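Under numbering that gives the first Met the number 0, think of the first position of the sequence shown as 0, with each following residue one higher.
From the three backbone atoms N, C-alpha and C, an ideal C-beta is built for every residue, glycine too.
Since the model is a prediction, treat every value here as computed from it, not as a measurement.
First the structure, in the form of structure tokens, and then the observations on it.
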Amino acid sequence: MRPDDDRVYDIIVVGAGHAGIEAALASARMGFRVLVLTVNPDTVGWAPCNPAIGGPAKGVVVREIDALGGEMAKTTDETMINVRMLNVSKGPAVRALRAQIDKISYSRTMKRKLETNPNIVLRHGIVERLLVEKGKVVGVVDNYGIDYLGKAVIITTGTFLRGKIFIGRSVFPAGRMGEFPAAKLTQSLIELGFEVGRFKTGTPARVLKRSINFSVMERQDTSDEPLAFSFFSEPKVLPKDYPCWLTRTNPETHNIIRQYLEFSPLYGTVKLIEGVGPRYCPSIEDKVIKFRDKESHQVFVEPEGRDTEEYYLNGLSTSLPYEAQIKMIRSVKGLENAIITRPAYAIEYDYIDPRQLYPTLESKIVENLFFAGQVNGTSGYEEAAGQGLIAGINAALKLRGEPPLILKRSEAYIGVLIDDLVTRGVDEPYRLLTSRAEYRLLLRHDNAHLRLAKHGYRVGLIPKWFYEKVLSLERRVKEEIERLKKVVIKPSDRINDILMAEGTTPLKEATSLYQLLKRPELSYEVLKRFDPNPIDDPEVAEQVEINVKYEGYIQKMFEEVAIFEKYESYEIPADIDYDVVPNLSTEARDKLKRIRPRSIGQAMRIPGINPSDISNLIIYLDGRKK
Numbered sequence: 000m001r002p003d004d005d006r007v008y009d010i011i012v013v014g015a016g017h018a019g020i021e022a023a024l025a026s027a028r029m030g031f032r033v034l035v036l037t038v039n040p041d042t043v044g045w046a047p048c049n050p051a052i053g054g055p056a057k058g059v060v061v062r063e064i065d066a067l068g069g070e071m072a073k074t075t076d077e078t079m080i081n082v083r084m085l086n087v088s089k090g091p092a093v094r095a096l097r098a099q100i101d102k103i104s105y106s107r108t109m110k111r112k113l114e115t116n117p118n119i120v121l122r123h124g125i126v127e128r129l130l131v132e133k134g135k136v137v138g139v140v141d142n143y144g145i146d147y148l149g150k151a152v153i154i155t156t157g158t159f160l161r162g163k164i165f166i167g168r169s170v171f172p173a174g175r176m177g178e179f180p181a182a183k184l185t186q187s188l189i190e191l192g193f194e195v196g197r198f199k200t201g202t203p204a205r206v207l208k209r210s211i212n213f214s215v216m217e218r219q220d221t222s223d224e225p226l227a228f229s230f231f232s233e234p235k236v237l238p239k240d241y242p243c244w245l246t247r248t249n250p251e252t253h254n255i256i257r258q259y260l261e262f263s264p265l266y267g268t269v270k271l272i273e274g275v276g277p278r279y280c281p282s283i284e285d286k287v288i289k290f291r292d293k294e295s296h297q298v299f300v301e302p303e304g305r306d307t308e309e310y311y312l313n314g315l316s317t318s319l320p321y322e323a324q325i326k327m328i329r330s331v332k333g334l335e336n337a338i339i340t341r342p343a344y345a346i347e348y349d350y351i352d353p354r355q356l357y358p359t360l361e362s363k364i365v366e367n368l369f370f371a372g373q374v375n376g377t378s379g380y381e382e383a384a385g386q387g388l389i390a391g392i393n394a395a396l397k398l399r400g401e402p403p404l405i406l407k408r409s410e411a412y413i414g415v416l417i418d419d420l421v422t423r424g425v426d427e428p429y430r431l432l433t434s435r436a437e438y439r440l441l442l443r444h445d446n447a448h449l450r451l452a453k454h455g456y457r458v459g460l461i462p463k464w465f466y467e468k469v470l471s472l473e474r475r476v477k478e479e480i481e482r483l484k485k486v487v488i489k490p491s492d493r494i495n496d497i498l499m500a501e502g503t504t505p506l507k508e509a510t511s512l513y514q515l516l517k518r519p520e521l522s523y524e525v526l527k528r529f530d531p532n533p534i535d536d537p538e539v540a541e542q543v544e545i546n547v548k549y550e551g552y553i554q555k556m557f558e559e560v561a562i563f564e565k566y567e568s569y570e571i572p573a574d575i576d577y578d579v580v581p582n583l584s585t586e587a588r589d590k591l592k593r594i595r596p597r598s599i600g601q602a603m604r605i606p607g608i609n610p611s612d613i614s615n616l617i618i619y620l621d622g623r624k625k
């Protein structure tokens with residue numbers, strides 16, 4: 000890079016959290032020069048709350064990011080200290096990986112990946128204003144008064160927009176503990192016409208390892224099976240040096256919380272917090288108030304990394320005063336002598352209404368301005384990273400003049416996430432759950448590459464060899480299923496003894512291996528005992544077994560997807576005037592004008608729009624085509 004163009008870039012990314020990292024790396028790997036401006040270059044990819052990646056739905060998102068060419072899965076594999084597969088007994092639709100990461104190593108690794116990419120410059124700077132000309136973003140101005148020019152800007156500010164921290168009645172500005180907020184950028188957004196709201200979230204205290212009595216807690220070790228998030232990593236078994244631990248609150252804990260409620264910034268006589276908090280990750284005060292009949296709540300005591308003695312108290316998020324935090328924590332079994340190294344706190348911050356975005360995550364108000372992560376009203380590192388990746392890809396595709404990448408609800412949890420945001424908006428911090436996906440049996444941990452590698456390859460983030468490997472896997476799975484249909488075995492004492500030993504009924508007539516594999520008691524591994532020509536590839540075997548066992552459910556979902564696709568492909572012209580569409584309800588007309596859905600399918604998912612509104616809209620659109 001020449002010194003005279005140090006302030007001119009293709010894409011500017013504001014923020015270097017999980018969204019910013021994926022946005023920057025994606026657009027840089029697609030050939031564009033990227034500037035990343037961040038409040039603190041030493042906390043790139045920081046995990047300010049739980050030092051963990053994955054979990055139900057979220058773990059699948061990490062696999063989807065990987066299948067599209069993102070970085071979160073790889074760095075998790077490089078830095079994880081404890082990993083397990085969740086919901087193994089509940090079936091493939093909800094199975095997901097969850098890993099404790101070494102948060103310091105994770106941050107350093109991600110920073111290194113940004114710094115060593117020749118197309119990226121990582122720099123300190125707090126963006127205060129957007130530069131816009133003729134409705135198109137052309138750059139930013141930082142707190143030093145330096146203007147940087149760019150053809151596209153991606154906002155990934157997390158909790159930093161007018162961030163404010165609360166510990167009891169103590170209140171001070173911060174993007175997170177120990178870091179400056181972005182105090183002026185919100186005003187620039189408001190002046191451009193963006194609608195802004197306030198949310199709040201929180202994080203528990205950290206305590207010193209030597210002050211914890213682990214002997215009275217339940218130990219949770221890393222998996223004995225080789226595991227990896229990334230399709231590009233070799234699965235491995237981690238040493239059992241960093242277990243997690245489980246303990247519980249008790250009536251004494253809850254009494255202490257009630258005694259200090261008047262000092263809470265959320266429940267005190269003078270309410271200090273305006274923002275709405277996350278329903279699915281409540282503070283311990285919320286739990287005690289809302290679930291009065293429960294005598295205890297789980298507390299997971301989790302290591303923050305290899306080179307730190309701090310432990311994270313998952314389940315004890317609070318904004319109570321420091322004095323209350325000490326008493327509350329020391330009332331919990333195993334934490335009687337706990338030494339707090341960092342207090343718990345709540346943080347309140349600005350977000351934009353995500354209904355002001357297209358499914359590409361580009362703003363409807365300012366062209367070439369994209370938003371990703373917590374600034375869109377979401378919570379979670381994984382949700383942020385998924386949005387950042389899509390924003391980075393779409394910013395690059397737009398600059399290339401190529402069609403955007405819009406993932407469908409039927410092909411990715413990331414598609415569900417973004418569609419929910421831009422169609423329905425948010426009234427609380429959004430968290431991705433398996434229940435939000437209508438087709439979750441199709442959106443599994445095991446098949447993310449089969450679903451999404453084609454997109455990653457198309458935009459240039461997935462190598463050809465991996466894409467060809469995925470195509471080969473698809474072919475081999477189909478061939479093996481067809482082979483199993485043709486291999487027929489006859490009843491025999493040996494075969495029936497095996498079947499009965501596995502808890503299933505013996506054969507009375509000749510049966511194909513395909514039909515046998517449909518039995519819930521039998522696995523592909525068992526079938527090998529009487530299969531004359533089994534395959535040895537465990538990945539092919541896994542896909543074959545899932546597709547055979549759940550064939551009926553999967554087929555039904557594909558039929559539903561076909562109906563869904565019919566409405567998704569029915570496009571609504573961008574220039575439609577909803578004021579001239581006859582017989583729309585006032586609510587429907589207002590919401591359609593505000594959200595401007597791209598298809599009938601998206602319009603159907605807007606809350607408050609009823610079937611008669613959709614019928615009237617279709618009649619009008621059909622009439623325009625004639």
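Can you tell me which of the three DSSP states residue i falls into?
i: Ala-227; result: coil
i: Met-216; result: coil
i: Leu-460; result: coil
i: Tyr-8; result: strand
i: Gly-149; result: strand
i: His-123; result: strand
i: Gly-385; result: helix
i: Ser-330; result: coil
i: Lys-235; result: strand
i: Leu-398; result: helix
i: Gly-138; result: strand
i: Gly-53; result: strand
i: Ser-491; result: coil
i: Tyr-170; result: A quick correction: the sequence has Val, not Tyr, at residue 170. Reduced to three states, the DSSP call for Val-170 is strand.
i: Phe-262; result: helix
i: Thr-422; result: helix
i: Ile-608; result: coil
Return the chain-ordered list of same chain residues with a C-beta closer than 6 angstroms to the C-beta of residue i, the five sequence neighbours on each side being excluded.
i: Gly-376; result: Tyr-350, Pro-353, Val-425, Tyr-429
i: Leu-85; result: Ala-95, Arg-97
Where residue i and residue j are concerned, what is the direct C-alpha to C-alpha distance, given to the nearest angstrom?
i: Gly-201; j: Asp-223; result: 33 angstroms
i: Leu-431; j: Thr-158; result: 18 angstroms
i: Val-131; j: Leu-591; result: 27 angstroms
i: Val-7; j: Tyr-147; result: 6 angstroms
i: Ala-509; j: Ser-491; result: 10 angstroms
i: Val-543; j: Ile-494; result: 22 angstroms
i: Leu-334; j: Ala-411; result: 41 angstroms
i: Glu-77; j: Glu-301; result: 19 angstroms
i: Leu-416; j: Gly-607; result: 20 angstroms
i: Asp-292; j: Asn-609; result: 39 angstroms
i: Pro-572; j: Ala-587; result: 17 angstroms
i: Phe-171; j: Lys-163; result: 6 angstroms
i: Ser-362; j: Asn-254; result: 47 angstroms
i: Ile-613; j: Glu-570; result: 13 angstroms
i: Lys-102; j: Leu-356; result: 32 angstroms
i: Leu-24; j: Val-287; result: 43 angstroms
i: Glu-427; j: Glu-524; result: 46 angstroms
i: Leu-553; j: Ile-480; result: Looking at the sequence provided, one finds Ile at residue 553 rather than Leu. Straight-line Cα distance between these residues: approximately 15 angstroms.
i: Lys-624; j: Asp-578; result: 18 angstroms
Are the beta-carbon atoms of residue i and residue j separated by less than 8 angstroms?
i: Ala-395; j: Ser-26; result: yes
i: Leu-626; j: Ile-20; result: In the structure displayed, the chain extends from 0 to 625; residue 626 sits before or after that span and is not available.
i: Ala-98; j: Ala-51; result: yes
i: Val-476; j: Lys-517; result: no
i: Met-79; j: Leu-237; result: yes
i: Tyr-549; j: Leu-442; result: no
i: Cys-280; j: Ser-378; result: yes
i: Ile-617; j: Ile-599; result: yes
i: Ala-343; j: Thr-317; result: yes
i: Pro-203; j: Tyr-259; result: no
For residue i, collect the residues of the same chain with a Cβ closer than 8 angstroms to its Cβ; drop the 5 residues on either side in sequence, then sort them by chain order.
i: Val-61; result: Ile-52, Gly-53, Met-71, Ala-72, Thr-75, Leu-96, Phe-228, Glu-381, Ala-384
i: Tyr-438; result: Arg-408, Ser-409, Met-556, Glu-559, Val-560
i: Asp-419; result: Tyr-429, Arg-435
i: Glu-366; result: Gly-134, Lys-135, Val-136
Exercise for the section: Determine contact between the stretch 180-191 and the stretch 119-128, defined as no fewer than three beta-carbon pairs at a distance below 8 angstroms. Expected result: In short, these stretches touch, since the Cβ pair count reaches three.
Practice task
Report yes or no: do the stretch 520-535 and the stretch 562-571 share at least 3 C-beta pairs separated by less than 8 angstroms?
Solution key: No, because fewer than three Cβ pairs between the stretch 520-535 and the stretch 562-571 fall closer than 8 angstroms, the two stretches do not touch.
Practice task
Please determine if the stretch 135-146 and the stretch 193-213 are in contact, where contact requires at least 3 C-beta pairs separated by less than 8 angstroms.
Solution key: In short, these stretches do not touch, since the Cβ pair count stays below three.
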